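**Q** When we follow the numbering used here, the leftmost residue of the sequence shown carries the number 66, and every step to the right adds one.
Even for Gly, the Cβ is constructed at its ideal location relative to N, Cα and C.
Bear in mind that the values here come from a model prediction, so they are computed numbers and not experimental data.
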Amino acid sequence: MAATLTGTDLVERALSVADYEEFAAEIMLALLSPLLLVVFRAFTSAQHYATGAAATDQQFEHVHLMVEHYSKLAGLKRTPMIAIVSGASFLAKSTSNFGKAAILVHSDLLDAPRPDSDDWGALRFAIAREVGNIAAGHRDLSYELSTVVTQSVRYLSNPLRRAEAYTADRYGAVLAPDAVSDYFAVVAVSKDCWQEMSIRAAVARAGRVGIGQMIVGLLGEVPPIVWRLQALAWLGVLNCDVLPCRAQSPEGYSDFLKKLPAKPVRIVDLKQRHGAFFLPPEIMTEKTLDELCPKGTNQERLSRAFADYREQ
C-alpha cells in the first residue's frame, strides 16, 4: 500500500521488512484517521445524548430557552440540541456529528440555582461557554481533522486545549457575563457549597504559588481555575450587574434572558485570540482587585445585588 502511494517500490527496497511494515501501518492509519474520527464523533455524540433527557419545549423548557438565547447571541445558524445527563465526568460538553451540534450538561448544574431567584447562573454560563466552543469552530470536522495529530500527543495537545479553554471562557463571559462567578464556583467546589466561595479570593491567589504549583499549572491540559478567573477579571466581567428572576412561566423566563447583560465585544475578536494567556498570571494589587472583583462570597454578592434591585 505504501509503495502504491509513492508510485514505485522504492520504499520497499529502501526499508527492512519490519520497517516497511511499520511504515505501511502508519500510512494506513493516516488514511483511516478521518473515518475513525467521524465514527468517534458519532459515538461520542450519541453516547450520553441517548441516555440523557433532551431539553425541549415539552420538558426542561428553561434549559431549551437558554440554548436558543445564547445561540442567537453568538450568531449560530442552527440551535444545538441539548440534553441533561447524570453520572458523567464533566459539567458541560459539546459535540458535533455531520453538522448537527449537541450540548450535554450535567444534572448537577440544575441543582445549583441562585438563592431567591428563579434562575440558574452556573447552568447559563456552561451553556454559553459550549455555544462558544461551537461558534469558535472547535467542534467542526475540518478543525478536528487539521489537529488530529496534535490532539493525540499529550504535550502537543496541551497548548491547543489550553487555548480552546481560554477561548471558550471568553465566549461564555461575553454571552453571560453575570454568571461567570456562579459557574467557576461550582467547578471549583461543587454545587453544594458554591455560594460560600469568594471569587475575589480566588483571583487574588493567581500568581501567588510555589514553583511546583507553577509547573503543574503550565503543563496541565486545562489551566488552573484561578488563572482562568484572572483572565476573565481582566476582561472586566466579574463586576457585572446581577438581576433577580421572578419569572412564573417560560415566556417570563424568555423575557428575563433578553434583559440580561452581554459584554459589548465583537465575537470575531475572540476568534483571533486563541494563543493568549499561556504565561503565568501576574499578582494583582489590592487596588486592581477593588476595580475588577466584587468583595465577599457569591451568596453575599447576590444578596447585595438583589437587595439593591428591590430598593429601586
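For my contact list, V251 and L174 are in at a C-beta cut-off of 8 Å; report their separation, rounded to the angstrom.
**A** 7 Å
**Q** Expressed to the nearest angstrom, what Euclidean distance is found between the alpha-carbon atoms of L308 and I290?
**A** 25 Å
**Q** Report the start-end ranges of each beta strand (DSSP E) in the segment 159–218 that is 3 residues or longer and not cut off at the edges.
**A** Unbroken beta strand (DSSP E) runs of no fewer than 3 residues, entirely contained in the segment 159–218, are found at 165–171, following chain order.
**Q** Since V150 sits in a beta bridge, which residues does DSSP pair it with?
**A** H171
**Q** Smallest Cα separation from Y135: which of K324, G277 and L300?
**A** K324
**Q** First and last residue of the alpha helix (DSSP H) that includes A244?
**A** Here A244 belongs to no alpha helix (DSSP H), and DSSP marks it neither H nor E.
**Q** Would you mind working out which of G117, I192 and V254 sits nearest T362, comparing C-alpha positions?
**A** V254
**Q** Flag this pair as yes or no: are the beta carbons of A259 and D247 separated by less than 8 Å?
**A** Position check: residue 259 holds Trp in this sequence, whereas Ala was assumed. Yes, they are a contact pair.
**Q** Classify P288: buried if its beta carbon has 16 or more other beta carbons within 10 angstroms, exposed otherwise.
**A** buried
**Q** Between which residues of its own chain and T121 is the CB-CB distance below 6 Å, once the five residues before and five after are set aside?
**A** H129
**Q** Check for me: the alpha helix (DSSP H) holding P345 runs from which residue to which?
**A** P345 -> no alpha helix (DSSP H), and no H or E assigned at all.
**Q** Given a threshold of 16 other Cβ atoms within 10 Å of its Cβ, counted over all protein chains shown, does S263 qualify as buried or as exposed?
**A** buried
**Q** Does DSSP classify A230 as helix, strand or coil?
**A** helix
**Q** Just the Cα atoms here: how many angstroms apart are A118 and L357?
**A** 38 Å
**Q** I think G285 touches P345, with their Cβ atoms under 8 Å apart; what is that distance to the nearest whole Å?
**A** 12 Å between Cβ atoms; not a contact.
**Q** State the start and end residues of the unbroken alpha helix (DSSP H) segment that holds L47.
**A** For the chain, the structure presents residues 66 to 377; residue 47 sits outside this window and is missing.
**Q** Alpha carbon to alpha carbon, how far is A327 from S319?
**A** If I take the Cα positions, the gap works out to 15 Å.
**Q** Look at the alpha carbon of G277 and the alpha carbon of G140, and state the distance between them as a whole number of angstroms.
**A** 42 Å
**Q** Would you please state the rounded distance, in angstroms, between the beta carbons of A382 and A157? I believe it to be under 8 Å.
**A** Outside the shown range of the chain, which is 66 to 377, sits residue 382, and nothing can be said about it.
**Q** Who are the Cβ neighbours of G383 in its own chain at under 8 Å, not counting the five residues just before and after it?
**A** Outside the displayed span of the chain (66 to 377) sits residue 383, for which this structure offers no information.
**Q** In terms of residues, what are the limits of the alpha helix (DSSP H) holding Q295?
**A** I290 to L300
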